[in-house]
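Going down the list, the sequences are from chains A and B.
Under our numbering, the first residue of the first sequence carries the number 1, and numbering increases by one thereafter.
Under our numbering, the first residue of the second sequence carries the number 252, and numbering increases by one thereafter.
Below: the structure, in structure tokens.
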Amino acid sequence: MSVSTQNDVILQARGLAKRWGDVVALDGVDLTVHKGEVITVIGPSGGGKSTLLRCLNGLEVPDAGSVRVGGAPLRVGAPDIDALRRRVGMVFQAFHLFPHISVLDNLTLAPTVVCTEDRATATRHARELLDRVGLADKASARPGELSGGQQQRVAIARALAMRPDALLFDEPTSALDPETVGEVLGVIREIAADGTTMVIVTHEISFAADVSSRTVFMEHGRIIAEGATQPLLRTPTSDRLRAFLARMPTM
Amino acid sequence: MTAQRERLVRGAVVMAIIAALAIVISLAPGEIRWALAWERRDLFLTGLGLTVVISSGAVGIGLILGVIAALFRVSRSVALDQIGRTYVEVVRGTPFLVQLYLWYWCIAQALQLHGLFGPREAAIVGAIGLGVFGGAYIAEVVRGAIESIDRGQWEAARSLGLSHAQALRHVVLPQCARRLLPPLTGEAVSIVKESSLLSIIGVAEITYHAKNLQAREYETWAAFICLAALYLVVTLPLTLLTRRMERRLAGEEALPVARL
Ligand SMILES: Nc1ncnc2c1ncn2[C@@H]1O[C@H](COP(=O)(O)OP(=O)(O)O)[C@@H](O)[C@H]1O
Ligand SMILES: [Mg+2]
């Protein structure tokens with residue numbers, strides 16, 4: 001990690017803990033995300049990756065620990081929670097597009113409803129974004145008419161429509177047919193190249209290797225290893241990370 | 252089976268049932284004096300009109316109360332949730348007849364003391380009572396629809412920075428609206444049928460006139476067969492409409508019953 005000042009920190013999690021009954025989902029997780037960084041989070045299923053991501057934008061309330069968005073504490077139920085969430089976009093495994101409105105309206109809904117943009121500006125921006133994810137011709141389609149890969153690209157564009165400071169991806173290609181995984185990863189790569197700050201939970205190790213600058217390996221709710229992506233994945237020093245990578249098909 | 256053949260079979264069965272009923276009725280002891288009902292046709296039709304007007308008013312009141320109560324129940328305030336829950340449980344846990352007596356004794360009697368209670372007031376009190384009753388059931392229907400919307404829709408909306416209320420208004424409720432139409436029509440049918448109880452507080456709706464005919468002329472059969480038929484005139488179109496909407500919705504989601 002390069003030398004960075006406190007004011008380029010976009011997301012900061014400190015001592016996050018979360019349990020469901022006896023199941024420990026997070027057990028003291030610290031994570032700092034700097035502006036422009038692309039971080040991938042890898043690890044076995046049930047390791048707490050989704051819970052971490054969901055805590056970062058307040059979809060889950062941690063039992064202990066804190067999350068700061070650009071220095072401001074994120075507290076569910078506080079009056080500024082919506083304003084803070086706006087700054088952190090989320091892309092879900094299952095897309096969760098709004099099925100009752102067109103693709104274009106999926107993109108303009110949030111900016112116009114929360115009044116960050118007037119309709120004309122929002123529409124112009126939405127068309128730009130659809131063009132960027134290669135779906136300019138689908139503006140008036142309903143989400144249900146699109147393939148999984150296309151839906152996920154719309155979901156990415158929808159998150160970008162709020163001009164967030166950071167984007168969180170929770171296994172964005174895990175629900176896709178193998179043939180459409182590539183198009184979604186391609187879009188994420190392009191956005192990363194534009195300098196968007198991102199945290200990506202993924203099982204695509206080779207994708208992680210070339211898209212991210214830093215990688216975090218989680219297991220049993222803890223960060224077991226983290227560091228610059230290339231050395232971490234090429235010459236893992238943690239036995240458990242090595243064991244995990246050995247089980248993955250694409251390394 | 253072709254659709255045409257199916258319609259034919261269904262039509263024949265309905266005809267057969269009507270014919271069977273006619274035979275059973277014709278075997279009833281004593282003569283049925285249909286003429287007595289026919290003489291009162293104007294009263295019956297006026298009563299039917301009042302039934303429709305009161306039921307419509309009650310559906311309107313019920314929709315407003317029901318949606319408000321449902322919104323209370325899904326709100327993030329525990330106090331509002333409890334208000335909604337208490338309303339629903341009290342109304343659904345007591346017979347409409349009992350509620351109606353309470354409305355009558357609370358409001359009608361108080362007004363009557365001041366000489367202000369006439370047929371008009373009785374109808375208004377009845378419509379309000381019926382609306383409050385229907386609202387509790389509508390609240391549960393609306394709440395069920397809201398809760399049937401995938402959690403992911405809420406999460407997607409909230410993650411974009413929408414508040415709870417904005418997510419409800421722009422994402423969740425529009426998706427409920429379509430699913431709500433069939434069950435809400437069903438509730439409207441219930442309200443029409445329950446309105447028959449308003450006759451006991453002196454509202455001159457259609458059941459009131461049927462009861463009058465029976466009491467004055469001892470003509471039970473003609474009175475109540477006509478009454479049943481007239482209720483069907485109102486409820487059947489609604490039921491058929493519901494069925495059609497359900498089929499339209501289901502057509503997009505599931506296949507009809509396979510008669511293999
Ligand atoms: N809503 C929930 N209720 C109960 N247990 C949960 C819930 N969400 C997550 N968990 C549990 O917490 C642990 C971590 O889950 P998760 O963060 O989804 O892991 P990952 O995304 O790494 O697969 C798992 O054991 C999971 O079963
Ligand atoms: Mg997960």
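Yeah, the Cβ is synthetic: ideal placement off N, Cα and C, and Gly gets one too.
- Would you say the beta carbon of B/V484 comes nearer than 7 angstroms to a heavy atom of ligand 1? no
- For A/A225, three-class secondary structure by DSSP: strand
- Message: Just checking: is the beta-carbon of A/M162 within a distance shorter than 8 angstroms of some beta-carbon in chain B?
- Response: yes
- Message: Just to make sure I have the definition right: I need the residues of chain A whose C-beta is within less than 7 angstroms of the C-beta of B/E398. Which are they?
- Response: Residues of chain A passing the Cβ test: none, with the nearest at roughly 17 angstroms.
- Message: If we define contact as Cβ-Cβ less than 8 angstroms, is B/P433 a contact residue for chain A?
- Response: no
- Hey, which unbroken runs of the alpha helix (DSSP H) at 4 residues or more fall wholly within the stretch 449-478 of chain B? 457-468
- Item | B/W405, buried or exposed, once every other Cβ within 10 Å from all chains shown has been counted against 16 | buried
- Rounded C-alpha distance that separates A/G47 from B/V329: 33 angstroms
- Distance, A/F207 Cα to A/D63 Cα: 32 angstroms
- Query: Under 8 angstroms between the Cβ atoms of A/E219 and A/P44?
  - Reply: yes
- Within 9 angstroms of chain B by C-beta, residues of the stretch 34-61 of chain A in sequence order: R54, N57, G58 and L59
- 8 angstroms Cβ cutoff, B/S306 in contact with chain A: no
- Query: Who are the Cβ neighbours of A/M251 in its own chain at under 6 angstroms, not counting the five residues just before and after it?
  - Reply: Only weak support is given to the placement of A/M251: the predicted model assigns it a pLDDT of 45, under 50, and the question is left unresolved by the model.
- Task: Check the Cβ of A/R86 against every Cβ in chain B and list those closer than 8 angstroms, keeping chain order.
- Result: L411 and G412
- Task: Jot down the residue ranges of each uninterrupted beta strand (DSSP E) in the stretch 176-249 of chain A, minimum 3 residues, whole runs only, in chain order.
- Result: 197-201, 214-219 and 222-228
- Should A/P23 be counted as a contact of ligand 1 given a C-beta to heavy atom distance under 7 angstroms? The sequence shown places Val at residue 23 of chain A, rather than the Pro named in the question. Yes, since a heavy atom of ligand 1 falls inside the 7 angstroms radius drawn around the Cβ of A/V23.
- Item | For B/G385, the first and last residue of its enclosing beta strand (DSSP E) | Run containing B/G385: none in the beta strand (DSSP E); it sits in the alpha helix (DSSP H), P370 to S399.
- Item | Cβ-based neighbour list, A/L130, same chain, cut-off 8 angstroms, excluding 5 preceding and 5 following | V103, L104, L107, A136, K138, A139, V154 and A157
- Query: Below 8 angstroms between beta carbons: does that hold for A/S212 and A/T196?
  - Reply: no
- Message: Does any residue of chain B have a CB that is nearer than 8 angstroms to the CB of A/M251?
- Response: Confidence at A/M251 is low in this model, with a pLDDT of 45, below 50, so the placement of that residue is unreliable and no value is reported for it.
- Examine ligand 1 and report whether any of its heavy atoms sits within less than 7 angstroms of the Cβ of A/W20. yes
- If we count the other Cβ atoms within 10 Å of its Cβ and call it buried at 16 or more, is B/Q255 buried or exposed? exposed
- Task: Show which residues of chain B have a CB atom less than 8 angstroms away from the CB atom of A/G89.
- Result: S410 and L411
- Task: Could you tell me which residues DSSP puts in a beta bridge with A/D170?
- Result: A/V201
- Taking just the CA atoms, how far does B/A263 sit from B/T253? 16 angstroms
- With 16 other Cβ atoms within 10 Å as the buried cut-off, status of A/C115: exposed
- Message: Quick test of your reading: A/G148 and A/L168, contact by CB under 8 angstroms. State the CB separation rounded to the nearest angstrom.
- Response: Between A/L168 and A/G148 the Cβ distance is about 19 angstroms, and since that is not below 8 angstroms, they are no contact.
- Partner residues on chain B for A/A103, Cβ-Cβ distance less than 8 angstroms: Residue identity check: residue 103 of chain A is Val in the sequence provided, not Ala. The contacting residues do not exist; A/V103 stays about 14 angstroms from chain B at best.
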